[in-house]
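Visitor: Residue numbers (this note's numbering), protein chains in the order written: chain A, 847 to 1164; chain B, 847 to 1164. A virtual CB, placed ideally from N, CA and C, is assigned to each residue, including glycine. Keep in mind it's a predicted model, so treat the numbers as computed, not measured. I'd like to ask you about the structure that follows.
There are 2 protein chains.
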Amino acid sequence: MWVISPKDIEMNILIAGGAGFIGSHLTDVLLEAGHKIVCVDNLCLGSENMIKHHFENPCFSFCKQNICDVEKLNEVFALNKFERVYHLAANSDIQKGGKNPSIDIHDTLETTICILNAMHKHGVKELLFASTSAVYGDKRERLQETAGDLRPISYYGGAKLASEAMISAFAAMNTMKVSIIRFPNVVGPRLTHGAVYDFIKKLRKNPKELEILGDGKQEKPYIYVADLIEAMLFLPFETGMNIYNAGVESATTVKKIADIVCEEMGLKGVEYKFTGGSIGWPGDVPKFQYDLSKIHSAGWKAKHTSDEAVRLAAKATL
Amino acid sequence: MWVISPKDIEMNILIAGGAGFIGSHLTDVLLEAGHKIVCVDNLCLGSENMIKHHFENPCFSFCKQNICDVEKLNEVFALNKFERVYHLAANSDIQKGGKNPSIDIHDTLETTICILNAMHKHGVKELLFASTSAVYGDKRERLQETAGDLRPISYYGGAKLASEAMISAFAAMNTMKVSIIRFPNVVGPRLTHGAVYDFIKKLRKNPKELEILGDGKQEKPYIYVADLIEAMLFLPFETGMNIYNAGVESATTVKKIADIVCEEMGLKGVEYKFTGGSIGWPGDVPKFQYDLSKIHSAGWKAKHTSDEAVRLAAKATL
Chain A
847 MWVISPKDIE
857 MNILIAGGAG
867 FIGSHLTDVL
877 LEAGHKIVCV
887 DNLCLGSENM
897 IKHHFENPCF
907 SFCKQNICDV
917 EKLNEVFALN
927 KFERVYHLAA
937 NSDIQKGGKN
947 PSIDIHDTLE
957 TTICILNAMH
967 KHGVKELLFA
977 STSAVYGDKR
987 ERLQETAGDL
997 RPISYYGGAK
1007 LASEAMISAF
1017 AAMNTMKVSI
1027 IRFPNVVGPR
1037 LTHGAVYDFI
1047 KKLRKNPKEL
1057 EILGDGKQEK
1067 PYIYVADLIE
1077 AMLFLPFETG
1087 MNIYNAGVES
1097 ATTVKKIADI
1107 VCEEMGLKGV
1117 EYKFTGGSIG
1127 WPGDVPKFQY
1137 DLSKIHSAGW
1147 KAKHTSDEAV
1157 RLAAKATL
Chain B
847 MWVISPKDIE
857 MNILIAGGAG
867 FIGSHLTDVL
877 LEAGHKIVCV
887 DNLCLGSENM
897 IKHHFENPCF
907 SFCKQNICDV
917 EKLNEVFALN
927 KFERVYHLAA
937 NSDIQKGGKN
947 PSIDIHDTLE
957 TTICILNAMH
967 KHGVKELLFA
977 STSAVYGDKR
987 ERLQETAGDL
997 RPISYYGGAK
1007 LASEAMISAF
1017 AAMNTMKVSI
1027 IRFPNVVGPR
1037 LTHGAVYDFI
1047 KKLRKNPKEL
1057 EILGDGKQEK
1067 PYIYVADLIE
1077 AMLFLPFETG
1087 MNIYNAGVES
1097 ATTVKKIADI
1107 VCEEMGLKGV
1117 EYKFTGGSIG
1127 WPGDVPKFQY
1137 DLSKIHSAGW
1147 KAKHTSDEAV
1157 RLAAKATL
């Protein structure tokens, strides 16, 4: 699907959340590049299906466990001399998290704290953290990495920004090399939730009408997962905490997603039923756009537009 | 010491960390103003000595417990119909926290999460959170509330910024009224740690020489605790998350603190032994200055300069 040249040095890498939607793609590519991968995942959103094609690979091992099981996590760190951690373990479903703050406090923030504690204890210095546009809160201007007055409006965004804050402290106190990548909406093969996934599920049940949360005018950038993985592998690990928005210049409305899904399913005349209001759910940021000059200057750019990403994801999910 | 007019409405108030240095002063003033106060404190840094003068007051109750004991905290919330929470429970000793990240993760961040969960569960909407200049990290420009790219360099600063991030999410999801006040160094009667406290302790042991961490040129604003309490009572609780720096325009070097303490102790010719380097300890921000235009425009200004605050604190500690 995309080409990554093998690294000069083979590394021992932990992927937290490695059986999830994005984590499993990262697992594929880092194994392909010749690294030794340990995947830790509680299979809460992830699934064995996403990684079982690696079960015979001697460079791959999978631990089904909760990152927050500190004793077990320390065993994993003690057994494997990790040189780098990719931390993607989180509740990535903002809508679900809105119903109970404990979900994001535990799955999104506490996982980060447990990872940081284990890295500190075992002297692991390199971290890539999967952050999110949700840390910015509901801002109308193009989001820059250095933007001030960040006020997340969802538990998910709060837990991710809180994670960044703790990472900042650990990075400074322990001279770590940290990349923080703030993801927009990510789509592609192996989706576990989100608009594309939900619409397909609903239309399979009833191909005549489609309930759409909000007024359908919510408009966000969708990145194709392969493009995002490229960004994750492209950015160097440098001393300190290095924050990048990774995304696309274009954006797709929720109504447009419905149109694309219907087209790809060959459905015509589907009646859209909007639940109304400008947001899809409490904590939803209905519209945002990244300033991507930092990551573009660094030399990375997404290959697919937002609409293309949505269409590819729909095709892959059908 | 200062005059606060009683509130129109008597309120049921929880002060988390109410037996600590700042919390106990707040307890004094809010009781004086006619409110019903429940103080929860684990007496880790606080002490019964600081609040025992209220033990006979029927408007005051004290629970010696850890905020993170969720079951007990929920009992306290269920028993008292709180209308407002002042959350000052934290490990306020940055230097101590630097030795073990678990201290600030538990005492500074988890306390906030437990408070937020309890407020959410029991429908309490008003919160004042004691934050810190340390959330800004090591910046040389005057610190504005809306400054971007906040990168705390201590576990303490990280845990406070992480707390702010979670508060932002809870405030937005539950339409809360939150005041966040970012404190500078605070001094006054009942100090439990810090330069003034340490210097007096050291000079009592050996009045001939004084070890000073760093090169003595670290220069920070010190606010007198009574001034800070005034700010806390002055600022209105408004919907959303309202962030204020509270501080003084002036600043005091560590060497000047030593000079003032020696003067107040009547010691002459004390030999200063500097441990060297520009910072006092890992995670120390050696120099900062607030932009105070927001809180000054709101109508509050500190009565004492930084040097005056240090001198009054030295007098009170002797």
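If we define contact as Cβ-Cβ less than 9 Å, is residue 986 of chain A a contact residue for chain B?
Guide: Cβ-Cβ to chain B under 9 Å: no for residue 986 of chain A.
Visitor: Quick one: list the residues of chain B neighbouring residue 826 of chain A, beta-carbon separation under 9 Å, in chain order.
Guide: Any answer about residue 826 of chain A is impossible in this case: the structure gives chain A only from 847 up to 1164.
Visitor: Would you report the Cα separation of residue 858 of chain B and residue 974 of chain B, rounded to the nearest angstrom?
Guide: Approximately 14 Å, taken between the alpha carbons.
Visitor: What would DSSP say about residue 850 of chain B, mapped onto helix, strand or coil?
Guide: In this predicted model, residue 850 of chain B has a pLDDT of only 48, less than 50, meaning its place in the structure is not dependable enough to derive any value.
Visitor: With a 10 Å radius around its C-beta and 16 neighbouring C-beta atoms as the bar for buried, classify residue 847 of chain A as buried or exposed.
Guide: Model confidence at residue 847 of chain A stands at a pLDDT of 40, short of 50, so the residue's coordinates are unreliable and nothing is read from them.
Visitor: Using a Cβ-Cβ cut-off of 9 Å, state whether residue 1123 of chain A counts as contacting chain B.
Guide: False, the Cβ-Cβ gap to chain B never drops below 9 Å.
Visitor: Does residue 1142 of chain A pass the burial test, meaning 16 or more other C-beta atoms within 10 Å, or should it be called exposed?
Guide: Exposed.
Visitor: Just the chain B side, please: which residues come within less than 8 Å of residue 937 of chain A by C-beta, in chain order?
Guide: Under the 8 Å cutoff, chain B gives no residues; its nearest Cβ is about 13 Å from residue 937 of chain A.
Visitor: Name, going along the chain, the residues of the segment 1123-1151 of chain A whose beta-carbon falls closer than 8 Å to a beta-carbon of chain B.
Guide: Per Cβ criterion, the list reads 1128 and 1129.
Visitor: Please tell me whether residue 939 of chain A and residue 1038 of chain A are closer than 9 Å, where the distance is taken between their beta carbons.
Guide: Yes, Cβ-Cβ distance for residue 939 of chain A and residue 1038 of chain A is below 9 Å.
Visitor: Helix or strand or just coil, what does DSSP make of residue 893 of chain A?
Guide: Three-state DSSP puts residue 893 of chain A in coil, outside helix and strand.
Visitor: DSSP state of residue 1089 of chain B, grouped into three classes?
Guide: Correct three-state label for residue 1089 of chain B: strand.
Visitor: Tell me, please, whether the CB atom of residue 966 of chain B is closer than 9 Å to any CB atom in chain A?
Guide: Closer than 9 Å: yes.
Visitor: Starting from the C-beta of residue 1001 of chain A, find all residues in its chain whose C-beta is less than 6 Å away, skip the five residues before and the five after it, and write them out in chain order.
Guide: Correct list, in chain order: 943, 947 and 950.
Visitor: Between the Cα of residue 1006 of chain A and those of A:1020, A:1086, A:977 and A:1018, spot the shortest distance and give me the residue it belongs to.
Guide: Residue A:977 is the option with its Cα nearest to residue 1006 of chain A.
Visitor: Less than 9 Å between CB atoms is the rule here; does residue 950 of chain A satisfy it with respect to chain B?
Guide: True, the Cβ-Cβ gap to chain B drops below 9 Å.
Visitor: How close, in whole Å, do the beta carbons of residue 966 of chain B and residue 924 of chain B come, if the pair is a contact with beta carbons under 8 Å?
Guide: So it is not a contact: roughly 14 Å between Cβ atoms.
Visitor: Whose CA, out of A:1154, A:1138, A:1027 and A:1122, lies closest to the CA of residue 1102 of chain A?
Guide: Per the Cα distances, A:1154.
Visitor: Whole angstroms is fine: what's the gap from residue 960 of chain B's alpha carbon to residue 937 of chain B's?
Guide: Each residue's alpha carbon lies about 15 Å from the other.
Visitor: Check the Cβ-Cβ distances between residue 1035 of chain B and every residue of chain A, and say whether any is below 9 Å.
Guide: It does not: the Cβ of residue 1035 of chain B has no partner Cβ on chain A nearer than 9 Å.
Visitor: Say whether chain B places a C-beta atom closer than 9 Å to the C-beta of residue 961 of chain A.
Guide: Cβ-Cβ to chain B under 9 Å: no for residue 961 of chain A.
Visitor: Compare the Cα-Cα distances from residue 1090 of chain B to each of B:1147, B:1050 and B:1100 and report the closest residue.
Guide: Taking only the C-alpha atoms, the option nearest residue 1090 of chain B is B:1147.
Visitor: On a Cα-Cα basis, can you pick out the residue from B:979, B:1067, B:953 and B:1086 that is closest to residue 1016 of chain B?
Guide: The candidate whose alpha carbon is nearest that of residue 1016 of chain B is B:1086.
Visitor: Whole angstroms is fine: what's the gap from residue 879 of chain B's alpha carbon to residue 958 of chain B's?
Guide: So the alpha carbons of these two residues sit roughly 26 Å apart.
Visitor: Hey, how far is the Cα of residue 1099 of chain A from the Cα of residue 1041 of chain A?
Guide: Approximately 10 Å between the Cα atoms of the pair.
Visitor: Starting from the beta carbon of residue 1007 of chain B, find every residue of chain A whose beta carbon is closer than 7 Å, and list them in chain order.
Guide: Here the neighbours are 1011.
Visitor: Is residue 1100 of chain B close to chain A, meaning its C-beta is less than 9 Å from at least one C-beta of that chain?
Guide: For residue 1100 of chain B, the answer is no, since every Cβ of chain A falls outside 9 Å of its Cβ.
Visitor: With DSSP as the reference, please indicate the residues paired to residue 976 of chain B in a beta bridge.
Guide: Paired residue(s): B:1027.
Visitor: Check whether the Cβ atoms of residue 1074 of chain B and residue 1029 of chain B lie closer than 9 Å to each other.
Guide: Yes, Cβ-Cβ distance for residue 1074 of chain B and residue 1029 of chain B is below 9 Å.
Visitor: My output table needs one value for residue 1072 of chain A: the three-state DSSP class, helix, strand or coil.
Guide: Helix at residue 1072 of chain A.
Visitor: The alpha helix (DSSP H) that contains residue 924 of chain A, what's its start and end?
Guide: Note, residue 924 of chain A: alpha helix (DSSP H), 916-925.
Visitor: Of all the CB atoms in chain A, is at least one closer than 9 Å to the CB of residue 1053 of chain B?
Guide: So no, residue 1053 of chain B is outside the interface.
Visitor: Spatial neighbours of residue 851 of chain B within its chain, please: C-beta separation below 7 Å, excluding the five flanking residues on both sides.
Guide: Here the model assigns residue 851 of chain B a pLDDT of 47, short of 50, so the residue's position is not dependable and the matter cannot be decided.
Visitor: DSSP has residue 860 of chain B in a bridge; who is on the other side?
Guide: Bridge partners of residue 860 of chain B: B:884 and B:931.
Visitor: List, in order along the chain, the chain B residues whose C-beta lies closer than 9 Å to that of residue 1087 of chain A?
Guide: 997, listed in chain order.
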